[in-house]
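Peer 1:
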Amino acid sequence: MAEITPNKVLDARGLQCPMPVVKTSQEIKTIGVGEVLQVLATDPGSMADITAWCKSTGNELLNMEKGGGVFTFYIKRVR
Amino acid sequence: MRTVAFLFYYITPYIAVIVFLGGIGYQLSRWRQKRPVPANLSLFPRPQGRLGRLMDTLVDMFTLKGLFRVNRPLWVGGFIMHLGLLLLLLGHVRAFTDYYFLWDLLQWGEEQQHQFSAVAGSIAGLLFMFPLFYLLARRFSGAVKWLSSPEDYLVLGLLIAIAITGNHMRFVLDPDTHEIRQFLQGLFRFRWQPAPVSAGISFVYHFAFVQLLMVYFPFSKLMHTIGSVFSKMVAKS
Amino acid sequence: MLTRFVDTIRQRFSRPLQYYQDICVRCGACIDACHFYVVSGDPAHIPAYRMTLAKKVMQGRVSDGNRLHNWYREAWGQESRTAAELERAMWECTGCRRCAVFCPFALDTALLVSAGRYSLLQEGIGPQMIAEIGNAEVSKGEIIEMIQEFYVDQTKELEARLQKEFAPDLRIPVEKEGARVLYVPLVGEHAIVPLAKVFHAAQEDWTLSLFTATNHSFFVGDMDKARQAAHWIVQEARRLGVKAIAYPECGHATRTLLSFFESWFGDEIAGIERISVVQLVASYLAEGRIRVKSGTFDVPLTYHDPCNLGRNSGIFEEPRALLRAVATDFRELTPNRELNWCCGGGGGLIAAPEMKEIRMKAGRPKAEQIRQTGAQWVVTTCENCKTQLGDLNEHYGLGIEIKGLVDLVAEALAL
Chain A
45 MAEITPNKVL DARGLQCPMP VVKTSQEIKT IGVGEVLQVL ATDPGSMADI
95 TAWCKSTGNE LLNMEKGGGV FTFYIKRVR
Chain B
26 MRTVAFLFYY ITPYIAVIVF LGGIGYQLSR WRQKRPVPAN LSLFPRPQGR
76 LGRLMDTLVD MFTLKGLFRV NRPLWVGGFI MHLGLLLLLL GHVRAFTDYY
126 FLWDLLQWGE EQQHQFSAVA GSIAGLLFMF PLFYLLARRF SGAVKWLSSP
176 EDYLVLGLLI AIAITGNHMR FVLDPDTHEI RQFLQGLFRF RWQPAPVSAG
226 ISFVYHFAFV QLLMVYFPFS KLMHTIGSVF SKMVAKS
Chain C
15 MLTRFVDTIR QRFSRPLQYY QDICVRCGAC IDACHFYVVS GDPAHIPAYR
65 MTLAKKVMQG RVSDGNRLHN WYREAWGQES RTAAELERAM WECTGCRRCA
115 VFCPFALDTA LLVSAGRYSL LQEGIGPQMI AEIGNAEVSK GEIIEMIQEF
165 YVDQTKELEA RLQKEFAPDL RIPVEKEGAR VLYVPLVGEH AIVPLAKVFH
215 AAQEDWTLSL FTATNHSFFV GDMDKARQAA HWIVQEARRL GVKAIAYPEC
265 GHATRTLLSF FESWFGDEIA GIERISVVQL VASYLAEGRI RVKSGTFDVP
315 LTYHDPCNLG RNSGIFEEPR ALLRAVATDF RELTPNRELN WCCGGGGGLI
365 AAPEMKEIRM KAGRPKAEQI RQTGAQWVVT TCENCKTQLG DLNEHYGLGI
415 EIKGLVDLVA EALAL
């Protein structure tokens, strides 16, 4: 898989429910359609939240990776 | 004029009763048509069991204990007004029938009955009337002003008019209660008697306002008489 | 204007709402009950006013031009002022139901607000964010297989860490068939760690849910979606064959579990016990399944009854029993239990960034209440309350710490 270059990074590590999704939703509106937001999160639960949020809003989850206890999401703004 | 008087004394009272009962039935069926309670709407702490709920609702209704806890002045006004109203309704039952068992039990003659009802009726009339003025004054003050609708003034106005005309008869005119009872029993039994004259124009107004209230009742917030039983039961379910 | 609101709310009017609307006498007993009104003085915040406002809007404009009729119905129908007022009346509410306790007829303004919010969203009025999170919760069931492997990995890491720090034989079971209790957490390990410790101490046969308990559709009155989101959990419980579903320290979710699941799921949920972890942990202590070191905490502390656990679910004494077991200086807020002031953060407002300012205002009675106790810790059992109390602490300079009840119990465990 080719390297994804995000247009913006959101650090949602350590945020309490439901803030990772709230922040993601706010931040995605600050980038252009077709651009990519990188989200960092630590909780296993926020992984499900962000993935589900992508599905319900129609934004595209390009990739999700894990390393050093941190989840990284690459979300492409579609609408 | 005689036609109007005839309609007023012998026809509209029946219409008022029909609208009153029919209107209540209509509202109940309107409520029934809606989807039932969508969830458990309990408020805690709540009483245990069906009987406990019913008892607690009845105690609430007759004491307004919830209001006592959170708003003492409103409780005083509301409780005394409703107490007066209850006593007045009990008293007015005597227009149609009588508490024979009670008089027998107390071994009271007609004179004693009359004296008792004069005293009790006077007290009840005042208990009912004065809180109404307080409740009306409240409507013009503070945040209650924001809350008040024309309906609220209308209901209070009607009740105050009924109270004033009733008390005027009781305290000023001292009419022949026999005559009034004859007339009302006549209506009740469909054996019409002459309209009372000893209570003068106050009776006419009193009778008119009561008829108006009966017609208005089902379509106003006065339906809380019945609806509050449901809402309280739901909150204790 | 507001025609979609009117159409939607009419459709959604249930039986209690109809008689609530017909019988409210506007006596004003609710005026002093609402923390929003107490701080704002805005009539739109008076519970009975919210009720009347919705009634007037639902009646629509009087078209007959009869002045008396117009006067009686207060035909200020559907003007822009009304729309703005309606927005405040429906969104600036935490659904705490304190007003229903004050109301002599126990009229439930929160039920109206629930229908009102849903109907306003059809007009595009209100914070969309809450609905957006709610939608994500509905979608969660469809993506859960995608992330399941990651999730299990992550809990294994957490388990390994706790085995090192706490007890070598501690387990965090996931997808364990036949477990007695399905514990549904919140997002974040803070909602898992203390429970894992307590469950370990109580030797509970439990399994961790793949889902989280929160249900934001409930906040916006979208009961179909709220039901769908909760349905994933019911399905999980049935698939694993558990005997009980335990919900975390989360107010609205606890209320859905204890007061809505039965009407939402009927037979599907029959035979499965529904319980808040607060009740569950209190029962462990009462039955001697866990022991705590009494007097572990000697700081002055108080307990904030979350509206949804307290007056809306009846969980008053369990948290107090637990606190008295672990703390030496427990102080009650005044008032407390069913008359407790809402923290000002309920009703989903936490998730709407634009509501922060009104949240801080509406939390003033709470802040003053806390100050009066002189407590240094405020213990509570709702995630919403915790976030809001943390914000209030900052905003009003209270100098307190916010603690979760099960956290304290886990810390005081005597193994």
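Residue numbers (the numbering used here), protein chains in the order written: chain A, 45 to 123; chain B, 26 to 262; chain C, 15 to 429.
Glycine is no exception: its CB is placed at the ideal position from the N, C-alpha and C atoms.
Note that this is a predicted model, so its numbers are computed, not measured.
Where does the unbroken beta strand (DSSP E) through B:THR82 begin, and where does it stop?
Peer 2: Per DSSP, B:THR82 belongs to no beta strand (DSSP E); it is in the alpha helix (DSSP H), 74-88.
Peer 1: Comparing the C-beta of C:LEU419 with each C-beta of chain B, is any distance below 8 Å?
Peer 2: no
Peer 1: Rounded to whole angstroms, how far is the Cβ of C:THR316 from the Cβ of C:VAL392, which I believe are closer than 8 Å?
Peer 2: 6 Å
Peer 1: Quick check on B:GLN52 - is its C-beta less than 8 Å from some C-beta in chain C?
Peer 2: yes
Peer 1: Are the beta-carbon atoms belonging to C:ARG102 and C:ALA58 less than 8 Å from one another?
Peer 2: yes
Peer 1: Taking the alpha-carbon positions, what's the B:ASP201 to B:ARG71 distance?
Peer 2: 51 Å
Peer 1: Closest Cβ-Cβ distance between A:PRO50 and chain C: below 8 Å?
Peer 2: no
Peer 1: Can you tell me the Cα-Cα spacing of C:HIS245 and C:MET237, whole angstroms?
Peer 2: 12 Å
Peer 1: Rounded to the nearest angstrom, how far is the Cβ of C:SER273 from that of B:ALA120, given a contact under 8 Å?
Peer 2: Between B:ALA120 and C:SER273 the Cβ distance is about 48 Å, and since that is not below 8 Å, they are no contact.
Peer 1: Which value, in whole angstroms, describes the spacing of the CA atoms of C:GLY91 and C:LYS70?
Peer 2: With a pLDDT of 46 at C:GLY91, under the threshold of 50, the modelled position of this residue cannot be trusted, and the question is left open.
Peer 1: Going along the chain, which residues of the segment 78-99 of chain B sit with their C-beta nearer than 7 Å to a C-beta in chain C?
Peer 2: LEU89, GLY91, LEU92, VAL95, ASN96, LEU99
Peer 1: Give me the residue from C:LEU336, C:ASN326, C:ILE286, C:ARG269 with the minimum Cα distance to C:THR302.
Peer 2: According to the sequence shown, residue 302 of chain C is Gly rather than Thr. Nearest C-alpha to C:GLY302: C:LEU336.
Peer 1: Pick out whichever of C:PHE116, C:LEU16, C:GLN177 has its Cα sitting closest to the Cα of C:GLN73.
Peer 2: C:LEU16
Peer 1: Using only the alpha-carbon positions, how far apart do B:GLY48 and B:THR250 sit?
Peer 2: 14 Å
Peer 1: Can you tell me where the beta strand (DSSP E) with A:GLN82 in it begins and where it stops?
Peer 2: 80-85
Peer 1: With DSSP as the reference, please indicate the residues paired to A:PHE124 in a beta bridge.
Peer 2: This structure gives no information on residue 124 of chain A, because the portion of chain A shown stretches from 45 to 123.
Peer 1: Would you verify that the beta carbon of B:LEU157 is, or is not, closer than 8 Å to some beta carbon of chain C?
Peer 2: no
Peer 1: Strictly by DSSP, which residues pair up with C:ARG345?
Peer 2: C:THR316
Peer 1: Please state whether DSSP places B:SER245 in a helix, a strand or coil.
Peer 2: coil
Peer 1: Can you check whether the C-beta of A:ALA96 is within less than 8 Å of a C-beta belonging to chain C?
Peer 2: yes
Peer 1: Using the rule of at least 16 other Cβ atoms within 10 Å of the residue's Cβ for burial, across every protein chain shown, is C:GLY255 buried or exposed?
Peer 2: Exposed, by the Cβ-count rule.
Peer 1: Rounded to a whole number of angstroms, what is the C-alpha to C-alpha distance between C:ILE158 and C:LEU294?
Peer 2: 27 Å
Peer 1: What are the residues in the segment 172-205 of chain C lying within 9 Å of chain A by C-beta distance?
Peer 2: LEU172, PRO199, LEU200, VAL201, GLY202, GLU203, HIS204, ALA205
Peer 1: Closer than 7 Å to a non-hydrogen atom of the ligand ZN - does that hold for the CB of C:ALA243?
Peer 2: The model depicted lacks the ligand ZN and carries no ligand whatsoever.
Peer 1: Using a beta-carbon distance below 8 Å, is C:GLY91 in contact with chain B?
Peer 2: With a pLDDT of only 46 at C:GLY91, under 50, the local geometry of the prediction cannot be trusted, and the value read off the model is given with reservation. Not one chain B Cβ lies under 8 Å of C:GLY91.
Peer 1: Helix, strand or coil for C:PHE311, going by three-state DSSP, please let me know.
Peer 2: Here C:PHE311 sits in strand by DSSP.
Peer 1: Going along chain C, which residues have a C-beta under 8 Å from B:ASP199?
Peer 2: Ordered by position in chain C, no residue passes the 8 Å Cβ test against B:ASP199, which lies about 35 Å from the chain.
Peer 1: State yes or no: is the C-beta of B:PHE244 within less than 8 Å of the C-beta of B:LEU183?
Peer 2: no
Peer 1: Are B:VAL169 and B:LEU247 touching if we call contact CB-CB under 8 Å?
Peer 2: B:VAL169 is not a Cβ neighbour of B:LEU247, given a cutoff of 8 Å.
Peer 1: For C:GLU151, count the other beta carbons within 10 Å of its own beta carbon; 16 or more makes it buried, fewer makes it exposed. Which is it?
Peer 2: buried
Peer 1: On the criterion of 16 or more Cβ atoms from any shown chain inside 10 Å, does B:PHE31 qualify as buried, or is it exposed?
Peer 2: exposed
Peer 1: If contact is defined by three or more beta carbon pairs under 8 Å, each pair taking one atom from either stretch, is the segment 218-238 of chain B in contact with the segment 22-35 of chain C?
Peer 2: At 8 Å Cβ cutoff, the stretches do not touch.
Peer 1: Could you have a look at C:ARG241 and say whether DSSP puts it in helix, strand or coil?
Peer 2: Helix, per DSSP.
Peer 1: Looking at the secondary structure, which residues open and close the beta strand (DSSP E) in which C:LYS417 lies?
Peer 2: 415-418
Peer 1: Rounded to a whole number of angstroms, what is the C-alpha to C-alpha distance between B:PHE69 and C:CYS107?
Peer 2: Approximately 20 Å, taken between the alpha carbons.
Peer 1: Give the range of the beta strand (DSSP E) segment to which C:ALA260 is assigned.
Peer 2: Segment 258-261, the beta strand (DSSP E) holding C:ALA260.
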